[in-house]
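Below is one structure, written out as C-alpha cells, with a few remarks after it.
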Amino acid sequence: MNPPLIAVLAVVVAVAGGAVGWLGRGSEFGSQLAEPNGSADTGFVVVSAPDQAQLVSIMDALDVPATPQAGMSGETVVNLSAALSALRDRSDKIVATAFEQAEALENARAEAEAALARQAAELTAAHAAAQAALQEANHALQGDVEARETELTAAHAAAQATLEEANLALRGDVEARETE
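Position 176, counted from 1, in the sequence shown is what this note's numbering calls 176; the numbers after and before it change by one each time, with no gaps.
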C-alpha cells in the first residue's frame, strides 16, 4: 500500500474508533442508543451538549455538512440516524476516493516504470549501435594502418633497391676511374 492511502485509512479508522469509543463509554447518549425508547425509534434522541459537541467535531473532521439531511441543525444533532448515515456515507466516499487515488498512483507508477523500461531499452540499443559503429571504425582504421604499412614497406623496399642500384653504379664508376 502506498503512504497516502495508509494515511487516509488511518484517519478514517481513528474517527470511526473515536465514534465507537464515544458511543460505548457509558455516556447518556450511549445509554439511549443501547436502550431503545420512543424517541430512539423515531430517530430523535436527546444528546447532551458535550456529546453533541463531540459528534459535531467528528462530523466536521469528515467534512459532513451540518444540514437537516445530515441530521444536524447548526451545532445540534436533531436526527441521530441521519447523522450516523451521513457519517457512514462520508467515510465511504473518503475510502473510495483514497482507493481511486491509490489506483491512479499505482497506474502512474506503472506507466513511469514502463517509460523507464522503454528508455533503458532505447539506450541499450543506442549503446549497442554506437559500440558496433566504433568497432567497425576501429577495424577500418586497422585495415588502413595495415595497408599504409604495406605501402610504406613496399616504398622502403623500392627505395632500398634504388639505393643498391645507385651504390652498384657508383662502385662501377669508381672502379672504372681507378682503372683509368
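Every residue, glycine too, gets a C-beta built ideally from N, C-alpha and C.
Burial state of residue i (16 or more Cβ within 10 Å)
{"i": "ALA70", "result": "buried"}
{"i": "LEU64", "result": "Looking at the sequence itself, residue 64 is Val, so the reference to Leu does not match. The residue is buried, with at least 16 neighbouring Cβ atoms inside 10 Å."}
{"i": "LEU87", "result": "buried"}
{"i": "ALA98", "result": "buried"}
{"i": "LEU230", "result": "Since the displayed the chain opens at 1 and closes at 180, residue 230 lies outside it and no answer follows."}
{"i": "ARG90", "result": "buried"}
{"i": "ASP51", "result": "buried"}
Backbone secondary structure at residue i - three-state DSSP
{"i": "PRO36", "result": "Here PRO36 scores only 48 on pLDDT, less than 50, and its place in the model is too uncertain to base an answer on."}
{"i": "VAL56", "result": "helix"}
{"i": "PRO3", "result": "helix"}
{"i": "PRO65", "result": "coil"}
{"i": "ASP41", "result": "With a pLDDT of 47 at ASP41, under the threshold of 50, the predicted position of this residue should be treated as unreliable, and no value is reported."}
Terminal residues of the alpha helix (DSSP H) in which residue i lies
{"i": "GLU151", "result": "80-179"}
Interface flag, residue i vs chain B, CB-CB below 8 angstroms
{"i": "ILE94", "result": "Included in the structure is just one protein chain, with no chain B present."}
Check your understanding: Should the segment 80-87 be called in touch with the segment 53-62, which here means at least 3 C-beta pairs below 8 angstroms?
Key -> yes
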